[in-house]
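If you read the protein sequences in the order shown, they are chains A and B. The numbering of the first sequence is the working numbering, which starts it at 4 and goes up by one. The numbering of the second sequence is the working numbering, which starts it at 625 and goes up by one. First the structure, in the form of structure tokens, and then the observations on it.
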Amino acid sequence: MEGDGSTTDASQLGMPGEYMAGSHYVLQSQDDDCDESLHDHEEGNGSKENFREQDIYLPIANVARIMKNAVPQTGKIAKDAKECVQECVSEFISFITSEASERCHQEKRKTINGEDILFAMSTLGFDMYVEPLKLYLQKFREVRGSVCAPSAIAHAMLSRLVCMTNQLPAGIITADGQQQNVMVYTTSYQQIPGVQQIQFS
Amino acid sequence: MSSNNVEEKVNHASNSKGISLPMTRVKLIMKSSPDVSSINQEALLLTTKATELFVQHLALSSFNNGSGKDQTLLYSDLANTVEEKETFQFLTDILPKKILVRDYLKLLEENPIEEADN
């Protein structure tokens, strides 16, 4: 006969890893075995039916590597910290995706696109990622453009441009002045309305 | 000559060893969200890259926030950061602070919660 809904039943306190609803604590076993506690947390998480979709995780090796590169070189990372971040990552992805998905639905679209993702980040307090991500996307597109375009096409475009203007436009020469390093980016290969040049700074 | 440059540019654009997370797995996680039908290539790319940024962000914040012993990032550092920083507060449910049973009992003693029976 509990007076309130929270699990303050003293008999439960004896069990290690029992998740106490409403108080944001999880019990650690007395011998302070961090790893076990983490697993207990996963299994004894409140209601039995709480089998969340977030049980899909990214490989811990990849996650750990990114963490390692982020902290100072002399830093170390505890094993349960790695596992923890692994879970957080899945949560993050779901968090962003739900928000993006909602916006998508609101606009009666079925496919989540890049804008939805960026918008979600902004909304959810990750706006500091937006600019780096935009930059990354831009560079990715540039590279894809150059990798996909056979060098013959690139060369042809360049030749045509030279013919049209009778000189090599200053804007198309990159910092080291080499023609071969010219990056041309077009949206289609069927027609070349104009060559958009993007230079790496 | 030009192929060298392309490789260089791929590495440059991919920002330190490229994307170090498997996009297929990221997609799987995204699709496990309710009502998600399809995700375009760009969205997947951005999410994957953002996840990388997120890991770096969380790890570094927690490390700097840490107790300072041994230069080791501990679970408790993560839990504390999540509690303190607004950006990470969506994680509070999955990152509860760990507490030893005896400490919890002590906490209860100091702040008794009403119970109908003993």
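A virtual CB, placed ideally from N, CA and C, is assigned to each residue, including glycine.
Handout entry: Test item: CB-CB of glutamate 134(A) and leucine 715(B) under 8 Å
Key = no
Practice task
Classify threonine 100(A) as helix, strand or coil using the three-state DSSP reduction.
Solution key: helix
Handout entry: Interfacial residues, the region 653-681 of chain B to chain A, with Cβ spacing under 7 Å
Key = Ile653, Met654, Ser656, Ser657, Asp659, Val660, Ser661, Ser662, Ile663, Asn664, Glu666, Ala667, Leu669, Leu670, Thr671, Lys673, Ala674, Thr675, Glu676, Leu677, Phe678, Val679, Gln680
Exercise for the section: Just tell me which of Pro736(B), Ser656(B), Ala703(B), Arg726(B) has its CA closest to the CA of isoleucine 718(B). Expected result: Ala703(B)
Practice task
Report yes if the CB atom of glutamate 102(A) is closer than 8 Å to the CB atom of leucine 127(A), and no otherwise.
Solution key: yes
Handout entry: Rounded distance between the beta-carbons of phenylalanine 687(B) and glycine 78(A), thought under 8 Å
Key = 6 Å
Practice task
At 9 Å on the CB atoms, spell out the chain B contacts of isoleucine 63(A), in chain order.
Solution key: Residues of chain B passing the Cβ test: none, with the nearest at roughly 11 Å.
Exercise for the section: Would you mind reading off the limits of the alpha helix (DSSP H) that contains leucine 729(B)? Expected result: 725-734
Practice task
Answer yes or no: does any C-beta atom of chain B fall closer than 8 Å to that of phenylalanine 143(A)?
Solution key: yes
Problem - Listed by chain order, chain B residues near serine 208(A) by CB distance under 7 Å - result: Outside the shown range of chain A, which is 4 to 204, sits residue 208(A), and nothing can be said about it.
Practice task
Inspect the beta-carbon positions of alanine 123(A) and leucine 698(B) and report whether they are closer than 8 Å.
Solution key: no
Handout entry: 7 Å Cβ shell around tyrosine 132(A) - same chain, five flanking residues per side excluded
Key = Met124
Practice task
Using only alpha-carbon positions, find the residue among Ser662(B), Thr675(B), Ser644(B), Gln695(B) that is nearest to isoleucine 96(A).
Solution key: Thr675(B)
Handout entry: Residues from the region 705-737 of chain B in contact with chain A, defined by Cβ distance under 7 Å
Key = Glu710, Thr711, Phe714, Leu715, Thr716, Ile718, Leu719, Pro720, Lys721, Lys722, Ile723, Leu724, Val725, Tyr728, Leu729, Ile737
Practice task
Just the chain A side, please: which residues come within less than 7 Å of serine 644(B) by C-beta, in chain order?
Solution key: Asn65, Arg68, Ile69
Problem - Span separating the alpha-carbon of isoleucine 643(B) from that of glutamate 707(B) - result: 29 Å
Problem - Simplified DSSP state of serine 657(B), which is helix, strand or coil - result: coil
Practice task
Identify, in the order they occur along the chain, each residue of the same chain with its Cβ nearer than 8 Å to the Cβ of threonine 672(B), setting aside the five sequence neighbours on each side.
Solution key: Ile643, Leu645, Met647, Val650
Problem - Within chain A, the residues that threonine 696(B) reaches when beta carbons sit closer than 8 Å - result: Gly78, Lys79, Ile80, Ala81
Problem - Residues near serine 700(B) by beta carbon distance below 8 Å, same chain, minus five either side - result: Ser691, Lys721, Lys722
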